[in-house]
Amino acid sequence: MPYYESSRVTLIAAEAIARASFVKLEADGLKACGAADTPIGFTELGAQNAGEHVCVRLINSQGTFEARSTGSIAIGSLVMLAEGGAVAPHSDGALAVGIALSPADNGDFLQIVPIFDRSAAVYKGEKPREEKEKRKERE
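Spelled out as structure tokens, the structure:
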């Protein structure tokens, strides 16, 4: 499998995708993330129709992302995925995908620092079991 040193890839949309949407990749192409999905990145421009080429900025890219808000989001708060590739205020147990650098009301765009840490959603601030076991072994 080839390796590319780039923060962006071009993929084919499986559906219309709004700009500033978190996206996932499925067998039939690129789709907007829902609340329970795992994003591969986000769109800067989106796609008006299925079959269009879409530039995706990968989740591990440097810098900040622009995202669409569903709900009111305060500066410095965690955000999670919402339907249609947007973000919403974080709730317990959900995968946090970013930290808000600007406030937003429902439908606004905001700037976020991306984070992608499933352990934050699962362990709620506790260390994973493996780390706890290693710490016990050292004691």
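Every position in the sequence shown, counted from 1, becomes a number in our numbering once 17 is added.
From the three backbone atoms N, C-alpha and C, an ideal C-beta is built for every residue, glycine too.
Requested in this report: Select from Gly110, Tyr20 and Ser24 the residue whose C-alpha is nearest the C-alpha of Gln79.
Outcome: Comparing C-alpha distances from Gln79 to each of Gly110, Tyr20 and Ser24 shows the shortest one belongs to Ser24.
Query raised in the report: What are the boundary residues of the beta strand (DSSP E) that includes Ile129?
Result: Phe126 to Pro131
Query raised in the report: Rounded to the nearest angstrom, how far is the Cβ of Ile57 from that of Val40, given a contact under 8 Å?
Result: 6 Å
Query raised in the report: Buried or exposed: Ser89, going by 16 or more other Cβ atoms within 10 Å of its Cβ?
Result: exposed
**Report entry** Assumed close pair Val26, Leu75 - CB separation to whole angstroms, cut-off 8 Å
**Finding:** Here Val26 really is in contact with Leu75; their C-beta atoms are around 7 Å apart, less than 8 Å.
Report task. Give the secondary structure of Glu100 by DSSP, where H, G and I count as helix, E and B as strand, and everything else as coil. Result -> helix
**Report entry** Range of the contiguous beta strand (DSSP E) that encloses Thr27
**Finding:** For Thr27, the uninterrupted beta strand (DSSP E) run begins and ends at Arg25 to Ile29, by DSSP.
Report task. Buried or exposed for Ala117, please, with buried defined as at least 16 other CB atoms from any protein chain shown within 10 angstroms of its CB. Result -> buried
Query raised in the report: According to DSSP, is Glu69 helix, strand or coil?
Result: coil
Requested in this report: Consult DSSP for Ala35 and reduce its assignment to one of helix, strand or coil.
Outcome: coil
Report task. List the endpoints of the continuous beta strand (DSSP E) containing Leu47. Result -> Gly46 to Ala49
**Report entry** Rounded straight-line distance, which links the Cα of Ala52 to that of Ala37
**Finding:** 15 Å
Report task. Answer with buried or exposed for Ser86, where buried requires no fewer than 16 other C-beta atoms within 10 angstroms of its C-beta. Result -> Ser86 should be labelled buried.
Query raised in the report: Relative to the C-alpha of Gly68, which residue among Ala91, Ile129, Ala103 and Ala31 is closest?
Result: Ala31
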